[in-house]
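Everything on this sheet refers to the single structure shown next.
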Amino acid sequence: MVEKDEVHQILIEFGFELNKTSGFGDDYLYELKNGWQVTAYCSFVGNPFANNVDATKYEEINIHLFDSIGTEYICKSVDSLKGKLAKVIEILKSNSDDDEILKCPDCNRYVGVKRPTHGQKWKPFLSCKGMIVHGRGKDKDVFCRGVSKKLRAEIKF
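Each residue of the sequence shown is one higher than the one before, counting from 22 in my numbering.
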């Protein structure tokens, strides 16, 4: 858990702007000046459905290119945010400057992190937004099965 005020101050000083707030957390945006944006999503501690949210603390900070494209950087402490934010932004800028690294090798759509749900044992991976089930019964399939191995799905610090 990290104090919201400390994280807010770090992000604002770096150049992020508070974009949206919900019962789940705060969403900050940073302009990369190449047409891309970086999102820092800060999730509140607690569960809004159980009515026990502490909006003064963040559970973690998830940093990624806008619309959850590419690698997600997951930060769990103020010290690591201070120490690594500039490098994370530099990497995301580099990836977005040559965005082919962010695309599915099969269908050329942008990739995002796919995570296991509760009880599943596989590791997160990057796949395209085309990995969507369509059809029914024996005709059920996905649009694309492409998986990107160019980048890691998530990096925790």
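Ideal placement from N, C-alpha and C gives every residue a C-beta, glycine not left out.
Values in this document were obtained by computation on a predicted structure and should not be read as measured data.
Proximity to residue i [Cα-Cα], best of the options
{"i": "residue 55", "options": "91, 138, 86 and 74", "result": "86"}
{"i": "residue 72", "options": "90, 45 and 89", "result": "45"}
{"i": "residue 178", "options": "124, 120, 172 and 83", "result": "83"}
{"i": "residue 51", "options": "88, 70 and 127", "result": "88"}
{"i": "residue 70", "options": "91, 140, 43 and 157", "result": "43"}
{"i": "residue 41", "options": "29, 35 and 90", "result": "29"}
{"i": "residue 120", "options": "37, 91 and 102", "result": "91"}
Rounded straight-line distance, which links the Cα of residue j to that of residue i
{"i": "residue 26", "j": "residue 167", "result": "40 Å"}
{"i": "residue 24", "j": "residue 62", "result": "14 Å"}
{"i": "residue 145", "j": "residue 164", "result": "20 Å"}
{"i": "residue 22", "j": "residue 39", "result": "20 Å"}
{"i": "residue 176", "j": "residue 58", "result": "19 Å"}
{"i": "residue 110", "j": "residue 64", "result": "20 Å"}
{"i": "residue 112", "j": "residue 158", "result": "43 Å"}
{"i": "residue 93", "j": "residue 123", "result": "12 Å"}
{"i": "residue 66", "j": "residue 126", "result": "37 Å"}
{"i": "residue 99", "j": "residue 162", "result": "43 Å"}
{"i": "residue 138", "j": "residue 95", "result": "18 Å"}
Boundaries (first-last residue) of the beta strand (DSSP E) holding residue i
{"i": "residue 58", "result": "58–66"}
{"i": "residue 146", "result": "146–149"}
{"i": "residue 91", "result": "90–96"}
{"i": "residue 175", "result": "175–177"}
{"i": "residue 114", "result": "Premise fails: residue 114 lies in the alpha helix (DSSP H), 99–118, not in any beta strand (DSSP E)."}
{"i": "residue 123", "result": "Element bounds for residue 123: n/a, residue is neither H nor E."}
Rounded distance between the beta-carbons of residue j and residue i, thought under 8 Å
{"i": "residue 149", "j": "residue 134", "result": "The pair is not a contact, with the Cβ atoms about 12 Å apart (cut-off 8 Å)."}
{"i": "residue 81", "j": "residue 97", "result": "5 Å"}
{"i": "residue 172", "j": "residue 117", "result": "Not quite, the Cβ-Cβ distance comes to about 12 Å (not below 8 Å), so this is no contact."}
{"i": "residue 169", "j": "residue 147", "result": "4 Å"}
Residue range of the unbroken alpha helix (DSSP H) whose run includes residue i
{"i": "residue 139", "result": "First-last for residue 139: undefined, no H or E at that position."}
{"i": "residue 25", "result": "25–35"}
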